[in-house]
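Here is the structure we will look at, set down as structure tokens.
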Amino acid sequence: LQKSILASLYWAEGSKSGAGLKFANTDPDVHRLFITLLRKCFRPDESKFRVHGYVHYYHPIKECKKFWAELLKIPQTQFWKVYIKKRSTSKRFRRNFMGICFVYHSDSKLRKEIMELAHQLHSHYK
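When you line the sequence shown up against the working numbering, it's residues 7 to 132, in that order.
In structure tokens:
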């Protein structure tokens, strides 16, 4: 069941190609569920995690990094530079979220295994 949930989450919000595992979302609860299931089901090498933030100009970068580091239990030393989106005058902004968080893990075999599970789910429920 846990692997099925993980595969479904990754199928919806993860990268389907390229090297390694790449998962992105703005919802902290989705990230918490994803990273918890990933750790329970596969026990990935923790040193291979990287985190990349994408925030608007008005977000406090230090607070965002601290928030995601604590939530994901990944040290800030494994974070890449935060991308700051330029100001837009035509869009409304949500000030109550901590940007988009991208979680990377350099294990391509892990991504392939999770995607195979997603494809098995799809085939089962056709």
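Glycine included, every Cβ here is placed at the ideal spot set by N, Cα and C.
Identify, in the order they occur along the chain, each residue of the same chain with its Cβ nearer than 7 Å to the Cβ of P50, setting aside the five sequence neighbours on each side. If we look at P50 and ignore the five residues flanking it on each side, its Cβ neighbours are L44, H111, D113 and L116.
Based on the DSSP output, what are the partners of Y16 in its beta bridges? Under DSSP, Y16 forms no beta bridge with any residue.
Taking 8 Å as the cut-off, decide whether the C-beta atoms of K91 and V57 are in contact. In this structure, V57 does not lie closer than 8 Å to K91 by Cβ.
Supposed contact pair F55 and V109 - C-beta distance, whole angstroms, cut 8 Å: Separation of the CB atoms of V109 and F55 is rounded to 7 Å, and the pair is thereby assigned contact status at 8 Å.
Simplified DSSP state of F29, which is helix, strand or coil: If DSSP states are grouped into helix, strand and coil, F29 belongs with the strands.
Local conformation of H125 per DSSP, three classes: Helix, per DSSP.
Take Q8 and list the residues in its own chain whose beta-carbon comes closer than 7 Å to its own, dropping the five residues that flank it on each side. So the list reads L43, K46 and C47, once near-sequence residues are dropped.
Fully enclosed by the segment 44-109, which alpha helix (DSSP H) runs are 4 residues long or longer? Counting only runs of 4+ residues, the alpha helix (DSSP H) found wholly inside the segment 44-109 occupies 67-78, in chain order.
Who are the near neighbours of A124 in its chain, counting only those whose CB is closer than 8 Å to its CB and skipping five residues on each side? Once the five neighbours on either side are set aside, the close Cβ partners of A124 are A13, S14, Y16 and W17.
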